[in-house]
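If you're matching them up, the sequences are chains A and B in order.
When we follow numbering that gives the first Met the number 0, the leftmost residue of the first sequence carries the number 0, and every step to the right adds one.
When we follow numbering that gives the first Met the number 0, the leftmost residue of the second sequence carries the number 0, and every step to the right adds one.
What follows is one structure encoded as structure tokens, with my remarks underneath.
2 protein chains.
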Amino acid sequence: MTDKTRYQLDESDMPTSWYNIIPDLPVAPSPPLHPKTGEPVGPADLAPLFATELLKQEMSGESFIEIPEEVQSVYRTYRPSPLIRAKALEKVLGLPAGVKIFYKYEGVSPAGSHKPNTAIPQAFYNKQEGIKRISTETGAGQWGSAMSIACALYGMECTVYMVGISYDQKPYRRLLMETYGAEVISSPSKRTEAGRHVLGLDPDSLGSLGIAISEAVEDAAGRDDTHYCLGSVLNHVCLHQTIIGEEAILQMELAQAEPDVVVACVGGGSNFAGIAFPYYRRNTQGKSKARLLAVEPKACPTLTAGEYRYDLGDEAGMTPQMLMYTLGHDFVPAGIHAGGLRYHGDSPLVSLLVKEGKAEAVAVHQKACFDAAVMFARSEGILPAPESSHAIRAAIDEALAAREAGQDRTILFNLSGHGHFDLTAYEAYLNGQLQDYDFAAGSMCEGE
Amino acid sequence: MTDKTRYQLDESDMPTSWYNIIPDLPVAPSPPLHPKTGEPVGPADLAPLFATELLKQEMSGESFIEIPEEVQSVYRTYRPSPLIRAKALEKVLGLPAGVKIFYKYEGVSPAGSHKPNTAIPQAFYNKQEGIKRISTETGAGQWGSAMSIACALYGMECTVYMVGISYDQKPYRRLLMETYGAEVISSPSKRTEAGRHVLGLDPDSLGSLGIAISEAVEDAAGRDDTHYCLGSVLNHVCLHQTIIGEEAILQMELAQAEPDVVVACVGGGSNFAGIAFPYYRRNTQGKSKARLLAVEPKACPTLTAGEYRYDLGDEAGMTPQMLMYTLGHDFVPAGIHAGGLRYHGDSPLVSLLVKEGKAEAVAVHQKACFDAAVMFARSEGILPAPESSHAIRAAIDEALAAREAGQDRTILFNLSGHGHFDLTAYEAYLNGQLQDYDFAAGSMCEGE
Chain A
0 MTDKTRYQLD ESDMPTSWYN IIPDLPVAPS PPLHPKTGEP VGPADLAPLF
50 ATELLKQEMS GESFIEIPEE VQSVYRTYRP SPLIRAKALE KVLGLPAGVK
100 IFYKYEGVSP AGSHKPNTAI PQAFYNKQEG IKRISTETGA GQWGSAMSIA
150 CALYGMECTV YMVGISYDQK PYRRLLMETY GAEVISSPSK RTEAGRHVLG
200 LDPDSLGSLG IAISEAVEDA AGRDDTHYCL GSVLNHVCLH QTIIGEEAIL
250 QMELAQAEPD VVVACVGGGS NFAGIAFPYY RRNTQGKSKA RLLAVEPKAC
300 PTLTAGEYRY DLGDEAGMTP QMLMYTLGHD FVPAGIHAGG LRYHGDSPLV
350 SLLVKEGKAE AVAVHQKACF DAAVMFARSE GILPAPESSH AIRAAIDEAL
400 AAREAGQDRT ILFNLSGHGH FDLTAYEAYL NGQLQDYDFA AGSMCEGE
Chain B
0 MTDKTRYQLD ESDMPTSWYN IIPDLPVAPS PPLHPKTGEP VGPADLAPLF
50 ATELLKQEMS GESFIEIPEE VQSVYRTYRP SPLIRAKALE KVLGLPAGVK
100 IFYKYEGVSP AGSHKPNTAI PQAFYNKQEG IKRISTETGA GQWGSAMSIA
150 CALYGMECTV YMVGISYDQK PYRRLLMETY GAEVISSPSK RTEAGRHVLG
200 LDPDSLGSLG IAISEAVEDA AGRDDTHYCL GSVLNHVCLH QTIIGEEAIL
250 QMELAQAEPD VVVACVGGGS NFAGIAFPYY RRNTQGKSKA RLLAVEPKAC
300 PTLTAGEYRY DLGDEAGMTP QMLMYTLGHD FVPAGIHAGG LRYHGDSPLV
350 SLLVKEGKAE AVAVHQKACF DAAVMFARSE GILPAPESSH AIRAAIDEAL
400 AAREAGQDRT ILFNLSGHGH FDLTAYEAYL NGQLQDYDFA AGSMCEGE
């Protein structure tokens, strides 16, 4: 065990392959099904929307997929990201020497989150296949920002359908995307049939992620020069995020420490997959016995209270059905501030790990998460995104439990992003205006 | 010359001393003078406001001052900061192989700028001397954020007098400080005599940095448990920022490259000092021939159009007179978006270097800076702070001039911060609403 604060890899030590968990799973993943026919969906069905290479990755049997040099070179502007020993937090918590907390920090990317890890290769593969324009959707704006940046870097056009209420309430996120050259459209819009249909029923519709997805997919389907990109849930998205865990393994080796538990928050599942899948491999290889802990909000507890079954990926039924934990595709989570965790389903790969007992899940309340986030900010300095605060809460709870039990424990969590765009959430917390919502108690409400 | 993108130091290679330029200057710096008597001001006069150790550093004759371990350990949560070869920008500019651009990126700090480099040691030395509370002022909020974070990390109280109009117009910056536990007060306030005086004359006063300084100083002078901290201009602030240049020297060695020109923006002068002073030493040692280029806004061209003379550091005459370039302490710069560069004077040490021909200065218009900033964001990915965009503009101009002249040139600039809190400025730029202001043409107006 070394006594450093920060374990920083040189760019020459950045992993050059992503890890594909599929061949190592205890059971084969079930295929997606057509939303209407219920028949398995193959690459040919999805080719109008996605790059061929991404569809290959979606069902690949290769354990490692090489990161193209053109992607590596862009990764290198912000990667390898740091792995930091949370010494100041440990001190504030009064932890004994045997209980240690490390975090991998993805907020150093230009978007301030882990999202560019997949936006960059998605843009690259599409460009390589002659696509000139990407259409996508965004809720609070994290994914739209990442995709806008990636498109700018490869000289592609980008159109982002942004949920109407966020478009109005989050002008800074919209401006960020526009500064990178993206076209940002308030959804529902008059540009698509899906949008016009919704506006016909309700001209004042505030929009939803489901509607925005429908618009972005319709846009891409209607133009040969355009493909669609998605920021979480899918297998190839989880694949790209494994750069996080691959780096973390090297950095924990530098620290001469092996995590007993690896923690990340879960919305669609990609940042959890990113740090946890490489440790799953390490577990199967007998090199580690790390528990893999997914943390979700009690307002949207997909993994802990959902059913494991086929369900649609979106409200409107535009996307295939996937075998996953779900609260039902018509479930509208309460308006918690961690907008990125408000998803009714979950990555099929992450769901399968939980189903098979290879990963654990826990649900936490948002007030307790903001308690943890503020404690973290005032000790470690970094202001976390509300989503990431769920991982911090669970990491602190793991540390305190180990202290109580008199056990040693090494905890590694993924700090997926900074909270510089989320200060209104902190304002609500500081003013005592945060509410907790409990799915189990039947408390739900229209969200942001 | 290596071909990497990112030159990352291990924390064990982080420099452990700051560089003090004073003993190496061609002429001794002139002492500050009392604002009213005009007599030299000594440590005893300033002791009620500043930590003894900081006053020692202000006039130290030592070339290197060791960074205390307690400061190093906090630096290590975000330092060493990366040095990045701007390969994508070089490509967009169509530069020949002999013209290279590197940048040192300080936006990775928890405040998103270089300011914590001095906020952290200032908080530390004050705490060490038994001070429990810091009072300071902030304009747009960069410095107030950094000081709030530093105080949180050392468990000190922090009160920030924030210029009234910014308090109202920049709620996110205020919320950031409050999340770190700082008390943020709209200035002018009723809490101080200075504030009450201003409010008596004009109950609707929007405030100014001068008034906020007066309030913060009065607050500190009136309480034994409180000291005052300043974020730029002073010698000890420049000293702390030299960690930037000391790291850059090591990183440029890794790159097997020596800069022909070192570029940074100048407001009070500390981020320029940070990267340029260590290269000044290298020049005096004959190890380098780097030109040191300070970039300022044409709306506030202190170094290029100011007079070199004694002047007050603030509008109200609360601070000592300093020998520096100045546009006059009653000069109100136009309301450009780079709020951190709107200062009538400049660091006496930076002024002396320019006066003695050891550093150059150039003034640029804000529209041209935003052109450069957007080009940079869309190629390198990082959205720059408006202040930092001045350095980017000058770096690009240096590169293009070298290309025109058919010369080789290696350019190193300091990217002092990210622009995630400055999106309204980008909005104005994208909407074509930016105005250029030219001091030389007599165009000035009340600023933000």
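Yeah, the Cβ is synthetic: ideal placement off N, Cα and C, and Gly gets one too.
Predicted model, so just to flag it, every value in this text is computed and none were measured.
Y342(B) has its alpha-carbon roughly 55 Å from the corresponding atom of F63(A). Y279(A) has its alpha-carbon roughly 21 Å from the corresponding atom of D12(A).
By the C-beta density criterion, V26(A) is exposed, having fewer than 16 other C-beta atoms within 10 angstroms.
Not a single CB atom of chain B sits nearer than 8 Å to the CB of I395(A). In the displayed model, I148(A) falls within a helix according to three-state DSSP. In the displayed model, R5(B) falls within a strand according to three-state DSSP. The beta carbon of L414(B) sits closer than 8 Å to those of Y102, K103, Y104, E105, G106, I381, P383, S387, A390, I391, all from its chain and outside the five residues before and after it, given in chain order.
Measuring C-alpha to C-alpha distances from V70(B) to each of P42(B), Q121(B), T51(B), G111(B) identifies Q121(B) as the nearest. Under the Cβ criterion of 8 Å, T76(B) is counted among the residues facing chain A. From the beta-carbon of Q7(A), the residues of chain B found nearer than 8 Å are Q7, L8, D9, E10, P79.
The secondary-structure analysis by DSSP pairs P296(A) across a beta bridge with V363(A).
The straight-line gap separating the alpha-carbon atoms of A372(A) and A145(A) is approximately 23 Å. Counting along the chain, the unbroken alpha helix (DSSP H) around D167(A) starts and ends at 163-168.
Cβ neighbours of S204(B) within its own chain (closer than 8 Å, five residues either side excluded): G163, P187, V197, L198, I210.
At a cut-off of 8 Å between C-beta atoms, P109(B) counts as an interface residue with respect to chain A. The straight-line gap separating the alpha-carbon atoms of P115(B) and Y6(A) is approximately 21 Å. Classified as exposed, T36(B) has fewer than 16 neighbouring CB atoms from the shown chains inside 10 Å of its CB.
One Cα belongs to A398(B), the other to V262(B), and the distance between them is close to 12 Å. Listed along chain A, the residues sitting closer than 7 Å to Y179(B) by beta-carbon distance are A376, R377. Within the DSSP secondary-structure output, K103(B) pairs in a beta bridge with L82(B), N413(B).
Listed in chain order, the non-local C-beta contacts of F123(B) below 7 Å within the same chain comprise P67, E69, V70, Y153, local neighbours out to five positions each way being set aside. Leaving aside the five residues that flank M176(A) on each side, the residues in its chain whose CB is nearer than 6 Å to its CB run, in chain order, G143, S144, S147, V159, V183.
For secondary structure counted as the beta strand (DSSP E) over 3 or more consecutive residues, the segment 41-95 of chain B holds these complete runs in sequence order: 63-65, 82-84. DSSP places L382(A) outside both helix and strand once states are collapsed to three, so it counts as coil.
Looking at the backbone, the Cα of L326(A) and that of G416(B) are separated by about 42 Å.
Contact check between the segment 245-260 of chain A and the segment 214-227 of chain A: fewer than three CB pairs, one atom from each, fall below 8 Å, which does not count as touching. Under the DSSP assignment, M251(B) falls in the alpha helix (DSSP H) whose first and last residues are 242-253. The alpha-carbon of A254(B) is positioned some 27 Å away from that of G418(B). Sequence-distant Cβ neighbours of G111(B) in its own chain, meaning closer than 6 Å and more than five residues away, are G416, H417.
About 6 Å separates the Cβ atoms of L94(B) and R402(B), confirming a contact at the 8 Å cut-off. With respect to the 8 Å criterion, A424(A) and P385(A) are classified as neighbours on the basis of their beta carbons. For I133(A), the uninterrupted beta strand (DSSP E) segment begins and ends at 132-137. Taking 9 Å as the cut-off between beta carbons, the residues of the segment 125-157 of chain A near chain B are I148, A149, A151, L152, G154, in sequence order.
For V26(A), the secondary structure class from DSSP, reduced to helix, strand or coil, is coil.
With respect to chain B, the C-beta atom of F420(A) has a partner C-beta closer than 8 Å.
When V349(A), D370(A), P319(A), I410(A) are compared, the shortest CA-CA separation from P42(A) is found for P319(A).
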